[in-house]
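S.K.: In my numbering, the protein residues as written are 14 to 462. All residues carry an ideal CB built from backbone N, CA and C; glycine is no exception. The structure's right below; bear with me while I get my questions together.
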């Protein structure tokens, strides 16, 4: 998703009040008129603010009036952190085992219904979440005492096995349908945490499973284009990882949350997530986990236009991965391979305006993964097509785009469909060219381009 940052607090405040940019501009002009101030705010002005430009002091006062924010709140916080934000239970419950169970239950109740396409954790709300994860002591010793039947070791083992299967199924086919299974298992684990009689070791394992499952549900929600729901799942996963006492698991949650965040136009928040994770795991990590975090940070820096920082992080990721795997690598890190680093390198180069080099890295990554990873193959083909289009090779771009289009029927991934749809929009000005016309005709049916 390109354009303005969908995570900017003004976007959130506006959409929470169901205001278009044009309607907000009109309300600001009306507020100025009531004060005898002539302001020329337009839809274009609002768009500029949402892209990072700061309004002047008088206009900020008018914006505060429109959103009914009192002067004391405006004085206490810098722009735009005083704007209204979603009221999320995951920000208010205590960082205890009981609080974690309450957040998991609440997110399960509301997550599937929260289909907003903008993120809900940014600015001060995100900073608060990261700070609490980093500084609060885990509460395992004061875990909730279950009032139900004893949880059997076999049950916990079976959940572990299904989590591993879900991870690999998502790698292959996308999360459009799998999210329902992920939510069902997360609901089971949440119930066991809230009502089952467990040993301390079992409870720690269940919290870790809740973190894995909530992280997967967040990734699947993101794959479906539901950004608010995704972030709520990620926040719940971070709490569950914290309650498990596994700091590396929390870092993994933040790495996936960062990928969503930079993808929707908020690279600064994504960078903050990864740097927080790196601080937390320092001295307790493995080279593979550190490589993953460096690669995620490289993507955020590329999205922010920091080429030097990006290349430095990518080189560091490659060096760390070259140290090889260790027996104490976490199981979830199975996917951190050179092909993943190659893919992230290609994506970074594409963002930094180097499409020819990006294409080489994409092809190397795609060859390593193989066509059985259908969603990954579709995403690579879409990015290869974008790189080819940026090099003005219409025939090659159309060929790659058609291959990606043909694969959409085998997966359920809104993210993949959106990338093919974006290709159709980029190719539309060249519809007089026969290959482009053929692709657009086919795309019109499948992705409503």
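Take the Cβ of residue 222 as the centre, count every other Cβ of all protein chains shown within 10 Å, and call the residue buried at 16 or more, exposed below.
M.R.: Against the chain shown, residue 222 aligns to sequence position 209. Buried, because 16 or more other Cβ atoms sit within 10 Å of the Cβ of residue 222.
S.K.: Does residue 332 pass the burial test, meaning 16 or more other C-beta atoms within 10 Å, or should it be called exposed?
M.R.: For the purposes of this step, residue 332 is taken as residue 319 along the chain shown, with counting starting at 1. The residue in question, residue 332, is exposed, as its Cβ has fewer than 16 Cβ neighbours within 10 Å.
S.K.: Throw me the rounded Cβ distance for the residue 330 and residue 311 pair, which I believe falls under 8 Å.
M.R.: In the chain shown, the residue the question calls residue 330 occupies position 317. In the chain shown, the residue the question calls residue 311 occupies position 298. With a Cβ gap of about 7 Å, residue 330 and residue 311 count as contacting.
S.K.: With a threshold of 7 Å on Cβ separation, who are the neighbours of residue 436 within its own chain once the five nearest residues in sequence on each side are excluded?
M.R.: The residue labelled residue 436 in the question sits at position 423 within the chain shown. So the list reads 395, 398, 399, 414, once near-sequence residues are dropped.
S.K.: Which residue from 352, 121, 173 puts its Cα closest to that of residue 203?
M.R.: Taking the chain shown and counting its residues from 1, the one referred to as residue 203 is at position 190. Ranking 352, 121, 173 by Cα distance to residue 203 puts 121 first.
S.K.: Within 10 angstroms of its Cβ, does residue 156 collect 16 or more other Cβ (buried), or is it exposed?
M.R.: Working through the chain shown from its first residue, we reach residue 156 at position 143. With a pLDDT of only 43 at residue 156, under 50, the local geometry of the prediction cannot be trusted, and the value read off the model is given with reservation. Flag for residue 156 reads buried.
S.K.: What residues are listed by DSSP as bridge partners for residue 210?
M.R.: The count along the chain shown starts at 1 and reaches residue 210 at position 197. In DSSP, residue 210 forms a bridge with 163.
S.K.: Buried or exposed: which applies to residue 265, given that a residue is buried once 16 or more other Cβ atoms fall within 10 Å of its Cβ?
M.R.: Position 252 of the chain shown holds residue 265. Per the 10 Å Cβ criterion, buried.
S.K.: Here's the rule: buried if 16 or more other CB atoms are within 10 angstroms of the residue's CB, otherwise exposed. What is residue 375?
M.R.: Along the chain shown, one-based indexing puts residue 375 at 362. Answer is buried; the Cβ neighbour count reaches 16.
S.K.: Measure the Cβ-Cβ separation of residue 299 and residue 236 and say whether it is below 8 Å.
M.R.: The sequence position of residue 299 within the chain shown is 286, counting from 1. The sequence position of residue 236 within the chain shown is 223, counting from 1. For residue 299 and residue 236, no; Cβs fall outside 8 Å.
S.K.: Just tell me which of 378, 315, 412, 379 has its CA closest to the CA of residue 367.
M.R.: Looking up residue 367 in the chain shown gives position 354. Nearest option by C-alpha distance: 315.
S.K.: In whole angstroms, what is the alpha-carbon distance linking residue 416 and residue 422?
M.R.: Sequence index remark: in the chain shown, residue 416 carries index 403 (1-based). Sequence index remark: in the chain shown, residue 422 carries index 409 (1-based). Whole-angstrom Cα-Cα distance: 11 Å.
S.K.: Got a sec? Which residues, its chain only, sit under 7 Å from residue 392 by beta carbon, not counting five neighbours each side?
M.R.: For the purposes of this step, residue 392 is taken as residue 379 along the chain shown, with counting starting at 1. Result list for residue 392: 429, 432, in chain order.
S.K.: Classify residue 32 as helix, strand or coil using the three-state DSSP reduction.
M.R.: Here residue 32 refers to the residue found at position 19 of the chain shown. Three-state DSSP puts residue 32 in coil, outside helix and strand.
S.K.: Enumerated in chain order, which unbroken segments of the alpha helix (DSSP H) with a length of 4 residues or greater are wholly contained in the segment 338-390?
M.R.: Taking only runs of at least 4 residues, the alpha helix (DSSP H) segments lying wholly in the segment 338-390 are 351-364, 368-382.
S.K.: Just the C-alpha distance for residue 83 and residue 77, rounded to the nearest angstrom, thanks.
M.R.: Here residue 83 refers to the residue found at position 70 of the chain shown. Here residue 77 refers to the residue found at position 64 of the chain shown. Whole-angstrom Cα-Cα distance: 7 Å.
S.K.: With a Cβ-Cβ cutoff of 8 Å, do residue 257 and residue 217 count as a contact?
M.R.: For the purposes of this step, residue 257 is identified with residue 244 of the chain shown, where counting begins at 1. For the purposes of this step, residue 217 is identified with residue 204 of the chain shown, where counting begins at 1. In contact: residue 257 and residue 217 (Cβ atoms closer than 8 Å).
S.K.: Can you name the start and end residues of the alpha helix (DSSP H) that residue 300 belongs to?
M.R.: Taking the first residue of the chain shown as position 1, residue 300 is located at position 287. Unbroken alpha helix (DSSP H) run through residue 300: 300-316.
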